[in-house]
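Everything on this sheet refers to the single structure shown next.
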Amino acid sequence: MPRSAHAVITLAPSSLRGSVIDSSGGVVRLERVDLDPSAWDATWEQDLAPLGEPLRAVLAALKLRGGHSVTVVYESASAVAEVFTVPTTGRAAMAAATLALSDMRSCTGPDWVSTLHPLRVEPGSNGSPARTHVLAIAEQDHVLALIATLIERNGLKLERCLPARAACLVAAMDAASRLGNTDGTGVMFMSDHSTSLAARGAQGIELARCFDVGYLRLAEAIAAAAARESSGSITLSGATSLLFTIGVPSRGQLVDPALGLRAEQVLPMMQSVLQRFVVEARQTLRFGLADTSLTRPVLFLAGTGASIPNLTNTLTAQLDIPVETYAAPTLARPADADLAVVGACTPLLETRVGLIPAVIRIRQERSNLSRALRVGAVAAGITLAAHGAFYVAQRRNTDQQAANLAPAVSQIDTHTLRRESLYAFADQLEMSEKALSSTLGSCPPWQANLHALARLTGPEIRLSEVLGACGADSASAPTLTFRGVATPSATTRADDILSAFLERAGKHPLFTQATLSSSRSVIENDQDVRHFVITVRLRGSNPAPLATLNGAPR
Numbered sequence: 326m327p328r329s330a331h332a333v334i335t336l337a338p339s340s341l342r343g344s345v346i347d348s349s350g351g352v353v354r355l356e357r358v359d360l361d362p363s364a365w366d367a368t369w370e371q372d373l374a375p376l377g378e379p380l381r382a383v384l385a386a387l388k389l390r391g392g393h394s395v396t397v398v399y400e401s402a403s404a405v406a407e408v409f410t411v412p413t414t415g416r417a418a419m420a421a422a423t424l425a426l427s428d429m430r431s432c433t434g435p436d437w438v439s440t441l442h443p444l445r446v447e448p449g450s451n452g453s454p455a456r457t458h459v460l461a462i463a464e465q466d467h468v469l470a471l472i473a474t475l476i477e478r479n480g481l482k483l484e485r486c487l488p489a490r491a492a493c494l495v496a497a498m499d500a501a502s503r504l505g506n507t508d509g510t511g512v513m514f515m516s517d518h519s520t521s522l523a524a525r526g527a528q529g530i531e532l533a534r535c536f537d538v539g540y541l542r543l544a545e546a547i548a549a550a551a552a553r554e555s556s557g558s559i560t561l562s563g564a565t566s567l568l569f570t571i572g573v574p575s576r577g578q579l580v581d582p583a584l585g586l587r588a589e590q591v592l593p594m595m596q597s598v599l600q601r602f603v604v605e606a607r608q609t610l611r612f613g614l615a616d617t618s619l620t621r622p623v624l625f626l627a628g629t630g631a632s633i634p635n636l637t638n639t640l641t642a643q644l645d646i647p648v649e650t651y652a653a654p655t656l657a658r659p660a661d662a663d664l665a666v667v668g669a670c671t672p673l674l675e676t677r678v679g680l681i682p683a684v685i686r687i688r689q690e691r692s693n694l695s696r697a698l699r700v701g702a703v704a705a706g707i708t709l710a711a712h713g714a715f716y717v718a719q720r721r722n723t724d725q726q727a728a729n730l731a732p733a734v735s736q737i738d739t740h741t742l743r744r745e746s747l748y749a750f751a752d753q754l755e756m757s758e759k760a761l762s763s764t765l766g767s768c769p770p771w772q773a774n775l776h777a778l779a780r781l782t783g784p785e786i787r788l789s790e791v792l793g794a795c796g797a798d799s800a801s802a803p804t805l806t807f808r809g810v811a812t813p814s815a816t817t818r819a820d821d822i823l824s825a826f827l828e829r830a831g832k833h834p835l836f837t838q839a840t841l842s843s844s845r846s847v848i849e850n851d852q853d854v855r856h857f858v859i860t861v862r863l864r865g866s867n868p869a870p871l872a873t874l875n876g877a878p879r
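The opening position of the sequence shown corresponds to residue 326 in this note's numbering, with each subsequent residue numbered one higher.
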């Protein structure tokens, strides 16, 4: 395989694909092994061990040599792929996207690997700021480690991992960006296991999202109808070929003469899948174009699913908006669908973004360090030889300089005495600070506790006074006492809101105990509000006593 070519392994519930993509982004070779989609969850539970034999068959057919680097595009339930649109550019955009990703608690923490990549900048106009679309992908590290083990067990090197839904998202945005400055359009990019939607308004792309339903769900509907309504059965691969040949059948149409399968038997099985496409498209256009588009939206169908006959007409009838085909691939052979699916990954592959498991990242860092040490050792040897020659020449000068520096020795002695005097003064200062600390007691960092209190306070809690006490002001542990009012919401009484607030305060890691000192009900503005006084005990630390007292809330 040429060095300029790139190898891609695709792991999906229905198949394991291996492909070679040339420098221009074209798929020059592709091999596929069909899998049982119903066994996909069990495959992950068995640490991907069942994929070993199919992978070896694909590698043998592609003639990939051992040690070749590959990119793995995979499907998993835990993978996260989102596009964050932030109203800024440059480093500020990446910082905002990082903050948005950190707010997704399901994909943050030491057990997760994540990365961000800027996809596109929409220039500002009419007073609106420029916007940046940032791709965020994340995955659990142990999932990436399983993929790395599978690849390395078969003699290959894992370059990076990419969730398939991320490739689908980038492909949808790439298609939407090629529409030009078209107001009120959307792109539905349909791949085998996922579909992405991008809404484009007058200011550019407004929204991009992905959901885990692809055209193979329609093929599964055909296979299920054949197993249920006819005397025979059909494989998922055969059902996929029927899907791209017959498409979404019309009533009365014969779908498969050999099985006697008719449209009336297939359409009910397809309807739930079609309805999912309709709902997702309608929601994307509604929220993505609600404030920007003044024209009737048009939806363009792209990706491999765009080659399904009669799908655009079916979606047009159910969405009640025009649905047109956008650059549908030609599927003259069954393998062409696989070529189209793998080819759709090209825009993401060109970004060089990806996820690397911690075990490989650490290995790379160690390799780089070892290489640096070897280079450093050679450089050190050369340097030592040069310094040896230089030392002989400098030795003579050193003796002469030592004699010239003799007067400075007395000055150094004087400096030493002054330094010892400063050390003694520092000891006295430390003793004074300890005396202050024993007298004033231990006070916590007020700023951190006030910040924690602000995060606990919801829109229904209004604080009117916060008092802090520590040291001489507090008989035991430092405390915060705050007065406020709990107002009811549309669905929750003020008592319940106050109880929830008290419970949150009691469970916060900076507070050891939260006590409701007093509470009374008052009618204000025709609302039954609750005035309260709450005291919380704080976990004390021991910063500098004077600095702590200066920052105490009053």
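Idealized CB from N, CA, C, for every residue including glycine. A quick note: this is a predicted structure, and the numbers were derived from the prediction, not measured.
Any idea which residues DSSP pairs C535 with across the strands? Position 210 of the sequence shown, counted from the start, is the residue given in the question as residue 535. C535 pairs with S521.
Proximal residues to T860 (C-beta, below 6 Å), its chain only, five neighbours per side dropped: Working through the sequence shown from its first residue, we reach residue 860 at position 535. The answer, listed in chain order, is T804, T806, T840 and S842.
Throw me the rounded Cβ distance for the G509 and V623 pair, which I believe falls under 8 Å. Here the question's residue 509 lines up with position 184 in the sequence shown. Here the question's residue 623 lines up with position 298 in the sequence shown. Confirmed, about 7 Å.
Residues of its chain near A422, where Cβ-Cβ distance is below 7 Å and the 5 sequence neighbours each way are ignored: Within the sequence shown, the letter at position 97 stands for residue 422. Excluding sequence neighbours, A422 sits near F409, V411, L441, V459 and A461.
Using only alpha-carbon positions, find the residue among Q772, S735, T741 and A802 that is nearest to V791. To locate residue 791, count along the sequence shown from 1; it is residue 466. Closest by alpha carbon: Q772.
Roughly how many whole angstroms lie between the Cα atoms of R342 and E649? Working through the sequence shown from its first residue, we reach residue 342 at position 17. Working through the sequence shown from its first residue, we reach residue 649 at position 324. Distance between the alpha carbons of R342 and E649: 30 Å.
So is Y540 buried or exposed if we call it buried at 16+ other beta carbons inside 10 Å? What you label residue 540 is simply residue 215 of the sequence shown in a count that begins at 1. By the neighbour-count rule (16 or more Cβ atoms within 10 Å), Y540 is buried.
Would the segment 606-615 count as touching the segment 557-577 if we require 3 or more Cβ pairs under 8 Å? no
With a 10 Å radius around its C-beta and 16 neighbouring C-beta atoms as the bar for buried, classify L424 as buried or exposed. Counted from its first residue, the sequence shown places residue 424 at position 99. When all chains shown are included, L424 counts as exposed.
Taking the Cβ atom as the reference point for each residue, do G603 and V333 lie within a distance shorter than 8 Å? Working through the sequence shown from its first residue, we reach residue 603 at position 278. Working through the sequence shown from its first residue, we reach residue 333 at position 8. According to the sequence shown, residue 603 is Val rather than Gly. No, Cβ-Cβ distance for V603 and V333 is not below 8 Å.
Can you give me the start and stop residues for the beta strand (DSSP E) that A404 sits inside? As a working note, residue 404 is residue 79 in the sequence shown. Where A404 is concerned, there is no enclosing beta strand (DSSP E), given that its DSSP letter is neither H nor E.
Once you ignore the five residues that flank D436 on each side, which residues in its own chain have a CB closer than 8 Å to its CB? Along the sequence shown, read from residue 1 onward, the residue named residue 436 stands at position 111. The residues are Q465, D466 and H467.
May I ask you to list the residues that DSSP assigns as paired with F807? By one-based count along the sequence shown, residue 807 stands at place 482. Partner(s): V791 and I859.
Nearest to T520 by CA position, among G529, A533 and R721, is which residue? As a first step, residue 520 is located in the sequence shown; it is residue number 195 there, counting from the start. Closest by alpha carbon: A533.
May I ask you to report which of helix, strand or coil DSSP gives V333? To locate residue 333, count along the sequence shown from 1; it is residue 8. In this structure, V333 counts as strand in the three-state DSSP scheme.
Pair within 8 Å by beta-carbon distance, V358 and V383: One-based indexing of the sequence shown puts residue 358 at position 33. One-based indexing of the sequence shown puts residue 383 at position 58. Yes, these two residues count as a Cβ contact at 8 Å.
Taking the straight line between their C-alpha atoms, what separation do you get for A473 and L373? Numbered from its first residue, the sequence shown carries residue 473 at position 148. Numbered from its first residue, the sequence shown carries residue 373 at position 48. Approximately 10 Å, taken between the alpha carbons.
How is Y540 classed by DSSP in three states: helix, strand or coil? As a first step, residue 540 is located in the sequence shown; it is residue number 215 there, counting from the start. Looking at Y540 - three-state DSSP - the assignment turns out to be coil, as it is neither helix nor strand.
Roughly how many whole angstroms lie between the Cα atoms of E447 and G391? The count along the sequence shown starts at 1 and reaches residue 447 at position 122. The count along the sequence shown starts at 1 and reaches residue 391 at position 66. In a straight line, the C-alpha of E447 is about 43 Å away from that of G391.
Excluding the five sequence neighbours on either side, which residues of its own chain have a C-beta within less than 6 Å of the C-beta of I822, listed in chain order? Locating residue 822 in the sequence shown gives position 497, counting from the first residue. Excluding positions up to five away in sequence, the list reads E785 and A811.
Buried/exposed call for I687, threshold 16 Cβ in 10 Å: As a first step, residue 687 is located in the sequence shown; it is residue number 362 there, counting from the start. That one is exposed.
DSSP three-state assignment for A652, whether helix, strand or coil: For this step, residue 652 is matched to residue 327 along the sequence shown. Coil.
Bridge partners of Y399, per DSSP? To locate residue 399, count along the sequence shown from 1; it is residue 74. Note: Y399 sits in a beta bridge opposite L336 and P488.
Validate contact between the segment 661-680 and the segment 691-708 using beta carbons, cut 8 Å, 3 pairs: no
Taking E589 as the reference, which of L481, R525 and Q578 has the closest Cα? Taking the first residue of the sequence shown as position 1, residue 589 is located at position 264. Closest option to E589, Cα to Cα, is Q578.
Which same chain residues, not among the five before or five after S844, have their C-beta less than 8 Å away from its C-beta? The residue you call residue 844 lines up with position 519 of the sequence shown. Cβ neighbours of S844 beyond the five flanking positions: L823, R855, H856, F857 and V858.
Less than 8 Å between C-beta atoms, sequence neighbours within five positions excluded: which residues of the same chain meet that for V395? Here residue 395 refers to the residue found at position 70 when the sequence shown is read from its first residue. These residues qualify, in order along the chain: A332, V333, I334, L389, I476, L481, K482, L483 and E484.
What runs of the beta strand (DSSP E), each 3 residues or longer, lie entirely inside the segment 551-602? 579-581
Taking DSSP's pairing of strands, which residues face S695 in a bridge? Counting from 1 along the sequence shown, the entry for residue 695 is found at position 370. The partner list for S695 (beta bridge, DSSP) is empty, contrary to what the question assumes.
Beta-carbon spacing of L469, C486 below 8 Å: Here residue 469 refers to the residue found at position 144 of the sequence shown. Here residue 486 refers to the residue found at position 161 of the sequence shown. Closer than 8 Å, so yes.
Buried versus exposed call for G630 [16 or more other C-beta atoms within 10 Å across all chains shown]: Locating residue 630 in the sequence shown gives position 305, counting from the first residue. With 16 or more Cβ atoms within 10 Å of its Cβ, G630 is classed as buried.
CB A527 to CB V512, shorter than 8 Å? Here the question's residue 527 lines up with position 202 in the sequence shown. Here the question's residue 512 lines up with position 187 in the sequence shown. Contact: no.
Quick one, are the C-beta atoms of I338 and A406 less than 8 Å apart? Counting from one through the sequence shown, the residue named residue 338 turns up at place 13. Counting from one through the sequence shown, the residue named residue 406 turns up at place 81. According to the sequence provided, residue 338 is Pro. The question's Ile does not apply to it. It is not a contact, given that the beta carbons lie outside the stated cut-off.
Is it buried or exposed for F715, if we count other Cβ within 10 angstroms and need 16 for buried? Indexing the sequence shown from 1 puts residue 715 at position 390. Flag for F715 reads exposed.
Quick check: the Cα distance between D645 and L778, rounded to an integer number of angstroms? As a first step, residue 645 must be located in the sequence shown, where it is residue number 320. As a first step, residue 778 must be located in the sequence shown, where it is residue number 453. Distance between the alpha carbons of D645 and L778 is about 50 Å.
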